[in-house]
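Novice: Residue numbers (UniProt numbering): 1 to 245.
Beta carbons: idealized from backbone N, C-alpha and C, even for Gly.
As the structure is a computational prediction, the values presented were derived from the model and not from experiment.
Next up is a structure, given as structure tokens.
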């Protein structure tokens with residue numbers, strides 16, 4: 001009986017049955033193994049592709065750039081479709097930058113203009129002062145004459161003192177051809193501002209000899225009488241006494 005129940009492992013039928021059982025038991029593992037190998041091959045191919053794309057790149061720098069892009073507010077806005085807001089912000093930055101530069105340029109221009117005006121004023125004043133002295137005006141009257149000249153003269157682009165009227169037209173001298181010069185203008189003040197010139201020598205205070213009038217009322221011009229009344233009241237009284245004589 002023992003011999004009848006013993007399995008002959010060398011029996012081809014037994015070996016075939018064992019092989020079939022092993023095949024059935026390992027089929028699932030083989031299929032899974034094949035699937036894993038396929039996935040590995042695919043992954044390797046993809047990695048090789050990425051490697052070729054990034055070959056020569058500084059990975060650390062790329063990571064830093066990606067981080068910056070991720071944090072950049074405008075990039076986020078663009079990603080969110082808020083393009084108008086991005087344009088508005090950039091326009092505002094440009095406007096602010098422009099306004100800053102414009103303000104700086106205006107400040108520079110204002111300083112240059114103020115300097116030029118100050119320089120022009122000094123040149124004009126020096127020109128009038130020289131003309132007044134040449135015309136024989138009192139040295140202490142120079143500032144008075146300069147103040148009077150400001151309403152008549154202005155400095156040209158060539159640095160010349162030019163007389164103009166209220167409409168900005170050039171004023172001509174006595175010859176009607178030559179522009180009125182500071183000297184001719186200063187000399188004309190003798191008739192309207194006699195106190196700006198020295199009194200006649202030997203005339204005491206204003207044309208008197210020891211307090212006695214040398215001319216009568218009618219021999220003085222109205223301008224001269226006005227100047228005497230202002231500068232020498234005593235002499236003016238004496239001249240008044242000669243009225244009708």
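Is the separation between the beta-carbon of residue 105 and that of residue 86 shorter than 8 angstroms?
Specialist: In this structure, residue 86 does not lie closer than 8 angstroms to residue 105 by Cβ.
Novice: Whose C-beta lies closer than 7 angstroms to the C-beta of residue 180 among residues of the same chain, with five residues either side of it excluded?
Specialist: The residues are 163, 171, 172, 173.
Novice: Name the two residues that bound the continuous beta strand (DSSP E) containing residue 163.
Specialist: Note, residue 163: beta strand (DSSP E), 161-163.
Novice: Bridge partners for residue 154 per DSSP, in chain order?
Specialist: DSSP lists 162 as partners of residue 154.
Novice: Identify whether residue 220 lies in helix, strand or coil by the three-state DSSP scheme.
Specialist: The answer is coil: DSSP assigns residue 220 none of H, G, I, E or B.
Novice: Look at the alpha carbon of residue 70 and the alpha carbon of residue 82, and state the distance between them as a whole number of angstroms.
Specialist: Only weak support exists for where residue 70 lies, its pLDDT of 45 falling under 50; the value from the coordinates is given anyway. Distance between the alpha carbons of residue 70 and residue 82 is about 16 angstroms.
Novice: Just list the residues that DSSP pairs residue 86 with in beta bridges.
Specialist: Its beta-bridge partners do not exist; DSSP assigns none.
Novice: Judging by CA-CA distance, which residue of 77, 119, 153, 42 is the nearest neighbour of residue 128?
Specialist: The shortest Cα separation from residue 128 among 77, 119, 153, 42 belongs to 153.
Novice: Among residues of its own chain, excluding the 5 on either side of residue 212, which ones have a beta-carbon nearer than 6 angstroms to its beta-carbon?
Specialist: A caution first: residue 212 carries a pLDDT of 45, below 50, which makes its placement in the model unreliable, though a value can still be read off. Answer for residue 212: no residue qualifies.
Novice: Leaving out five residues before and five after residue 182 in sequence, what residues of the same chain have Cβ atoms less than 6 angstroms from its Cβ?
Specialist: Closer than 6 angstroms at Cβ, skipping near neighbours: 127, 128, 131, 161.
Novice: How many whole angstroms separate the CB atoms of residue 197 and residue 147, which I take to be in contact at a CB cut-off of 8 angstroms?
Specialist: Rounded, the Cβ-Cβ distance is 17 angstroms, inconsistent with contact.
Novice: Exposed or buried, residue 94, counting other C-beta atoms within 10 Å across all chains shown (16 or more means buried)?
Specialist: It is exposed - the Cβ of residue 94 has fewer than 16 other Cβ atoms within 10 Å.
Novice: Taking residue 143 as part of the alpha helix (DSSP H), name the residues at either end of that continuous run.
Specialist: Where residue 143 is concerned, the enclosing alpha helix (DSSP H) stretches over 142-149.
Novice: Alpha carbon to alpha carbon, how far is residue 97 from residue 79? Give it in angstroms, no decimals.
Specialist: Near 26 angstroms, if we compare the C-alpha coordinates of residue 97 and residue 79.
Novice: Per DSSP, residue 123 forms a beta bridge with which residues?
Specialist: In DSSP, residue 123 forms no bridge with anything.
Novice: Since residue 194 contacts residue 227 with CB under 8 angstroms, what's their CB separation in whole angstroms?
Specialist: Contact holds; Cβ gap of about 5 angstroms.
Novice: My guess is that residue 145 and residue 186 are in contact by the Cβ rule of under 8 angstroms, so how many angstroms apart are they, rounded?
Specialist: Correct: roughly 6 angstroms between the Cβ atoms.
Novice: What would DSSP say about residue 179, mapped onto helix, strand or coil?
Specialist: Here residue 179 sits in strand by DSSP.
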